[in-house]
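Numbering (our numbering), first residue to last: 150 to 709.
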């Protein structure tokens, strides 16, 4: 069976997306760099990921040989090499500082393309990258010049100075998703503060140089509005622990590459970031960034699961024929290919919108800002659920082999499961959709945008747009009944609203790809996607498009 040698070259659709969203010089440079990184991810990073998951997982070294507490995290040398190679490629740094070869900053589109390739081999490692991205955003936007100067160059390091990975610590035992219940205290101490309390699910513990922490200054109010944001160095300048103690590492189902811990603060020196009454708002900005990272990790897992299933189907023989010969297999692979490609386009459409909304130099409207938050919620939910589905489908394609840890599929499934939990479960995301509807009329912006997008499509796509327009009518009917309903009725239907919005949005993206990217293959992908999204179950499928279109959609770039 052919080994995948380069995730970027294996994915012509990603290159089309980059060419669509990056200008000439930037695309030329990015195309070259992503080719190199795609080979690195499919090669040595992939090999090291297997070792980290199976034998080289992070370990807590609580005490040194003299019995002194050191709370250090041991990681294997391969993991450290992956850290060096990935950050030196600018996955965090080039969002905020100039790319030497271009003389200007990169953007989130390029960074998330790197994250997409990385997540096809090591979605667990993409978690620390995500946390470092969030830390960089918070420091750059809200920290004082003194705090920014101390920490930000290290967080943005691409090899020229010592790297500080970042972290964001929110969750406490008594609160979980209810962040307003947090009670970690911040006590004023001259020009800084001291933190006292605990964080119950602190990822990248011990590996980060600086972590962003929500804590409650003495005398501030209750709830989320009483929380302030602090930058907390993990160690003092002399190398000793900064009043931070790791109680234990979490024994997680998946993403074993990233150390997640229970952490105690006992007088940790901390520096206030921004206004003291805005901490939760700052952290919610970082959370939205992390939710996009979550969606990127999801489409990365989807892509790898699809590739493994596809290559196995061409390699494995049953009853004298390769699996890919059989109609049932063709249907499964065609549908997976169409869904993954459309989902990837949808996520990167969101990323370029996030780039614009995040930029200080590009004017954006309230509509853009609200749609950005809405799309983050619905795509994070949809992509995370699909990552699990794709992993399951790939395992089933492999049969018994898919259940064996010698193959990557069990790890993909374990890693995918956390993506439905990290940065907000489906229930939390459903509530976010409701908040955006009730407070910002997000549903009106969404419906207007979707109708506008459909109206400019050419007449030859009209047959495919019809089911989507019917879906919009269904959404309007649902919203008419619910928008003035009581809270219980709204929350009960919140996830249904999010699901329907995701179907409409991704269908519009599929149709836009068929129009703007063009070609018979894109049109057939749109056909398959629209059919599997909107067509009611028919026990007898006379057309069998998933089988008839198999060669164009799946077999086009297969070189077994």
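The beta carbon of each residue, even a glycine, is placed where N, CA and C say it ideally should be. Predicted model, so just to flag it, every value in this text is computed and none were measured.
Taking just the CA atoms, how far does residue 551 sit from residue 545?
7 Å
Can residue 537 and residue 565 be called in contact, C-beta distance under 8 Å?
yes
Please tell me whether residue 352 and residue 407 are closer than 8 Å, where the distance is taken between their beta carbons.
yes
Contact check, residue 240 vs residue 260, beta carbons under 8 Å
Against a cut-off of 8 Å, the Cβ pair of residue 260 and residue 240 comes out as a contact.
Mind the definition here: the region 328-335 touches the region 353-373 only if three or more C-beta pairs lie below 8 Å; say whether that holds.
yes
Nearest candidate by alpha-carbon position, reference residue 701, set 599, 479 and 554
479
Exposure label - residue 397; buried when at least 16 CB within 10 Å
With fewer than 16 other Cβ atoms from the protein chains shown falling within 10 Å of its own Cβ, residue 397 counts as exposed.
Report, in whole angstroms, the separation of the C-beta atoms of residue 377 and residue 416, which I expect to be a contact under 8 Å.
With 8 Å as the limit, residue 377 and residue 416 do not qualify as a contact, their Cβ atoms being about 17 Å apart.
Quick check on DSSP: helix, strand or coil for residue 422?
strand
Assigned secondary structure, residue 339 (DSSP; H/G/I helix, E/B strand, else coil)
The answer is coil: DSSP assigns residue 339 none of H, G, I, E or B.
In whole angstroms, give me the CA-to-CA distance for residue 516 and residue 582.
15 Å
What does the alpha-carbon distance come out to for the pair residue 662 and residue 454?
23 Å
Between residue 573 and residue 529, is the Cβ-Cβ spacing less than 8 Å?
yes
Take residue 681 as the anchor and find which of 372, 617 and 627 has the nearest alpha-carbon.
617
For residue 403, is the beta carbon positioned less than 7 Å from some heavy atom of the ligand SAH?
The ligand SAH is not part of the structure shown, which contains no ligands of any sort.
Helix, strand or coil at residue 175 [DSSP, three-state]
helix
Counting contacts by CB-CB distance shorter than 8 Å, is residue 444 in contact with chain B?
The chain inventory of the structure shown lacks chain B, comprising one protein chain alone.
Buried or exposed: residue 484, going by 16 or more other Cβ atoms within 10 Å of its Cβ?
buried
To the nearest whole angstrom, what separates the beta carbons of residue 238 and residue 318, a pair I think is in contact under 8 Å?
Not really, about 26 Å apart at Cβ, beyond 8 Å.
Does the Cβ-Cβ distance between residue 560 and residue 195 come in under 8 Å?
no
Write down the C-beta distance between residue 502 and residue 283 rounded to the nearest angstrom, noting that I regard them as a contact closer than 8 Å.
That pair is no contact at about 18 Å.
Suppose the cutoff is 7 Å on Cβ atoms and the five residues either side in sequence are ignored; what does the same chain contact list for residue 521 look like?
Contacts found: 502, 503 and 506.
Just list the residues that DSSP pairs residue 352 with in beta bridges.
409
Have a look at residue 486 and residue 673 and give me their C-alpha separation to the nearest angstrom.
11 Å
Return the Cβ separation of residue 525 and residue 440 in integer angstroms, given the expectation that the two are a contact with Cβ distance under 8 Å.
5 Å
Check the DSSP bridge columns for residue 384 and list the partner residues they point to.
390
To the nearest angstrom, report how far apart residue 160 and residue 183 are at their CA atoms.
11 Å
Check the DSSP bridge columns for residue 470 and list the partner residues they point to.
467
Taking all protein chains shown into account, do 16 or more other C-beta atoms lie within 10 angstroms of the C-beta of residue 622, making it buried, or fewer, making it exposed?
Burial call: exposed.
Residue 585 - containing alpha helix (DSSP H), residue span
575-589
Please state the DSSP three-state secondary structure of residue 152.
Note: residue 152 maps to coil in three-state DSSP.
Beta bridge counterpart(s) of residue 399 as assigned by DSSP:
DSSP output for residue 399 lists no bridge partner at all.
Using 10 angstroms around the beta-carbon of residue 403, count the other beta-carbons present and answer buried if the total reaches 16, otherwise exposed.
buried
Hey, out of 637, 206, 651 and 243, whose CA is closest to residue 592's CA?
651
DSSP three-state label for residue 693, please.
Here residue 693 carries a coil assignment [DSSP, helix/strand/coil].
If you drop the 5 nearest sequence neighbours on each side, which residues of the same chain put their C-beta closer than 7 Å to that of residue 277?
314, 353, 356 and 407
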